[in-house]
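Worksheet for the structure shown next.
Shown next as structure tokens:
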């Protein structure tokens, strides 16, 4: 049953529209599985889903900007420009 739920979550996350949504869905599903497996309870799965979702959304958001790179100037400030 757990495997079926995991597969459904992964399938739903891949069916999302943008890279940010895909990243959040995959991250949340992975985080829930890992958190639940490590702690053995629902609270661990929920925390894992939250952390994985946020992390996946951030990674997905960065990948939505093709040809754009992050740089730092000599003062340590970050900016985005063409690669």
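Residue numbers (full-length UniProt numbering): 1 to 83. For every residue, glycine included, the Cβ atom is placed at its ideal position computed from N, Cα and C.
Check this for me: beta carbons of residue 57 and residue 20, under 7 Å apart or not?
Cβ atoms of residue 57 and residue 20: closer than 7 Å.
Would residue 27 and residue 53 qualify as a contact pair, given that the criterion is a beta-carbon distance under 7 Å?
Yes, Cβ-Cβ distance for residue 27 and residue 53 is below 7 Å.
If distances are taken between C-alpha atoms only, which option among 76, 72, 77, 81 comes closest to residue 66?
Scanning 76, 72, 77, 81 for the CA closest to the CA of residue 66 turns up 81.
How many whole angstroms separate the CB atoms of residue 36 and residue 51, which I take to be in contact at a CB cut-off of 8 Å?
The Cβ separation is near 13 Å, so there is no contact.
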